[in-house]
Each structure stands twice: as C-alpha cells, then as structure tokens.
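Here is the structure we will look at.
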Amino acid sequence: MSSHPDANLHPVATGSAKAIVDDHEQEQPLKLYSGWFCPFVQRPWSLLQEKSIPYQYIEVNPYHKPQSLLSLNPRGLVPTLQYDNKPLYESNVICEFLEEAYPDHGPKLLPDDVYLRAKCRIWMDWCGSRFIPAWHRYLQFQPMTDKSGLEKAKSDFLAVLKELGTELHPTGPWFLGEQISLVDFVIAPWVLRLWVFGHFKGGFELPGESEGKEWGRLARWITALEGRESISGVMSEEGKYYSIYQRYADDTAQSELAKAVRSGKGVP
Ligand SMILES: N[C@@H](CCC(=O)N[C@@H](CS)C(=O)NCC(=O)O)C(=O)O
C-alpha cells in the first residue's frame with residue numbers, strides 16, 4: 011500500500027464532529043484551519059467548543075497544502091488560526107492565546123495561582139516531550155513478530171501513563187481537581203485514541219486498580235474526558251481514523267515516516 015500519510019484519508023469529519031463542523035461553516039472573523047483527524051487540531055477545537063467562542067471551521071488537507079493555508083503558515087500545518095487577519099499556529103500556543111484573548115468566555119482553563127499555572131505548563135510540555143513520543147513508539151513498533159520488543163514498547167508507554175496517573179489530583183475528576191484545565195484539553199486527544207493499540211497492536215487494556223491506585227484514578231480521568239461534550243464531541247467515527255494510523259502497521263512506511271519525523275514534519 012502507499013505510505014503517503016493521506017492515502018485513503020477520508021475527506022471530512024463524521025459522527026459527532028460532523029454536527030459541530032456543520033454548525034461552524036458560516037463566515038466568522040476567527041477561523042480555525044483544521045484537519046478533522048488531527049489530534050493537535052483537537053486541542054484548540056475542543057477549547058473553542060468548551061468556551062463557546064464564535065469561530066469558522068475550515069477543513070484543509072495539510073498533506074495537499076492549499077495556498078490559503080500556506081499563506082498563513084509557511085509550514086502548512088494544522089491547526090492554524092486566523093485572528094484579526096493574522097495567523098497563529100502551534101496548538102498549545104493557540105490554546106493559551108484563546109485563553110488570554112477571550113477572558114469573558116469561561117470556564118477559565120488556567121488557574122489564578124501562579125504556582126499551579128506553572129505546573130500546568132510543565133504537564134502540557136510533558137505531553138509533547140514524553141507522552142506523545144511514547145504513544146508513537148508503541149504504535150510504530152515493528153516487526154510485530156518481535157514479541158519482546160513489542161512488550162517493551164508497551165511497558166514503556168504504560169510507565170508514562172502511570173506517571174500521569176500518579177500526578178492527577180487524587181479526587182479529581184480533572185488533572186487539577188474540580189476545575190477542568192488546559193492540561194486536560196492538551197492530553198485528551200491521544201487518550202481518546204487509545205483504541206489504536208487494540209486495533210493495531212493486538213489488544214490493550216489499562217492495568218486495574220488492584221495494581222495501584224493511580225490506575226483507578228487514571229480510569230476515572232479517562233471516563234471524565236469521554237463524558238465532556240467539548241472533548242469527545244469533536245471525535246469522528248473510529249473506523250475513519252484507521253487509514254491514518256494504518257501506515258504505522260505497514261513496514262515499508264516506517265522509513266518514510268522516520269524521514270518525515272526527522273525533517274520536523276508533524277504526524278497525527
Ligand atoms: N506542533 C504542531 C503539530 C501539528 C501537526 O503535526 N499537524 C499535522 C496533522 S496532525 C500536519 O499538519 N501535518 C502536515 C505535514 O506534516 O506536512 C502543533 O502542535 O500544532
């Protein structure tokens with residue numbers, strides 16, 4: 011099969027995300043250039059939904075970059091935000107920007123306490139530097155016949171999840187406690203895609219509470235994320251994501267993908 015990232019890519023959002031897209035077709039000064047499938051897009055997209063900020067959703071295929079996207083963001087990545095006719099990109103930067111630019115749109119997603127704000131930023135950074143790489147190393151692991159290698163990639167990913175479980179506020183339900191925060195929004199897209207390991211890696215279950223209270227806490231956090239309309243609502247039908255992740259299961263795609271990652275290109 012072709013290893014190009016958009017081989018067989020479904021063109022538009024489906025499922026609950028489709029209804030949200032349909033609701034945000036109308037011209038608005040604030041525009042979100044998006045790919046329905048992209049977990050990085052999902053961060054600011056969920057946030058816009060959560061805060062009921064008026065925006066226009068614009069679907070683009072970042073693997074066939076239209077001029078409209080390139081003229082805003084020379085790297086042609088989604089998400090790209092157009093605000094006051096000026097571009098912004100990098101999903102976490104966009105999230106913090108929206109938080110500051112729309113103070114009247116609640117809920118507040120960064121705490122007033124300066125220490126807690128800094129802690130939020132540590133865990134947003136942790137998501138990019140530790141969580142997503144471990145998620146990808148496990149999903150990309152090949153060959154599947156190397157059972158001990160596969161087990162190691164899985165246990166490395168579980169170790170990262172456990173680190174998060176230990177850090178979650180003990181009663182929650184959110185990362186910081188009773189108030190949802192940017193940390194929840196920033197990590198959620200990859201948590202809502204844990205099914206990839208069941209589909210491509212031969213099954214995946216989180217350890218139970220009997221193996222440590224952090225696992226029970228993590229399970230409750232995941233349930234809270236799944237129950238938050240702004241977070242789970244922007245997901246499309248599970249099967250429509252398969253072609254995006256299929257390339258990780260394709261040996262010949264590995265070197266292409268490694269090249270793309272080395273050159274600094276984004277991967278979903
Ligand atoms: N660091 C960027 C990553 C965004 C990203 O990698 N987006 C992917 C889609 S999920 C993309 O636009 N890829 C196009 C390409 O690699 O050329 C962010 O956080 O916004």
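11 is the number of the first residue of the sequence shown in this note's numbering; add one for each residue after it.
Just so you know, even glycine gets a beta-carbon here, dropped at the ideal spot from N, CA and C.
Given the structure is predicted, the values throughout are model-derived calculations rather than measurements.
Return helix, strand or coil for residue i, following the three-state DSSP convention.
i       : result
Glu-161 : helix
Pro-54  : helix
Thr-254 : Here residue 254 is Ile; the residue named in the question, Thr, does not match the sequence. Ile-254: helix per DSSP, three-state reduction.
Tyr-65  : coil
Lys-41  : strand
Lys-96  : strand
Phe-207 : helix
Asp-166 : helix
Asp-135 : helix
Tyr-148 : helix
Arg-85  : coil
Trp-184 : coil
Ile-241 : helix
According to the neighbour-count rule (16 or more other Cβ atoms, all chains shown, within 10 Å of its Cβ), is residue i buried or exposed?
i       : result
Tyr-99  : buried
Gln-150 : buried
Would you kindly report the start and end of the unbroken beta strand (DSSP E) that includes residue i?
i       : result
Thr-113 : For the record, residue 113 in the displayed sequence is Pro; it is not Thr. No beta strand (DSSP E) contains Pro-113, which DSSP labels as neither H nor E.
Leu-91  : 90–93
Would the C-beta of residue i count as close to ligand 1, meaning under 6 Å from any of its heavy atoms?
i       : result
Val-341 : Lying outside 11 to 278, the shown extent of the chain, residue 341 is not represented and no answer is given.
Pro-143 : no
Glu-8   : Past the edges of the chain, shown from 11 to 278, lies residue 8, and the structure says nothing about it.
Cys-130 : no
Pro-72  : yes
Cys-105 : no
Pro-217 : no
Between which two residues does the alpha helix (DSSP H) containing residue i stretch?
i      : result
Gln-77 : 77–80
Val-31 : 25–33
Three or more beta-carbon pairs under 8 Å between the region 100–111 and the region 139–151, yes or no? With the cut-off at 8 Å, the region 100–111 and the region 139–151 do not touch.
Contact the region 66–78 vs the region 28–46: 3+ CB pairs below 8 Å: In short, these stretches touch, since the Cβ pair count reaches three.
Closer than 8 Å is the cut-off here; do at least three beta carbon pairs connect the region 167–187 with the region 123–139? Verdict: yes, contact present.
Is it the case that the region 191–201 contacts the region 48–61, given that we only count it when at least three CB pairs across the two stretches are under 8 Å? In short, these stretches touch, since the Cβ pair count reaches three.
With three or more beta-carbon pairs closer than 8 Å as the criterion, would you say the region 223–243 touches the region 175–186? Taking 8 Å as the limit for Cβ pairs, the verdict is that the region 175–186 does touch the region 223–243.
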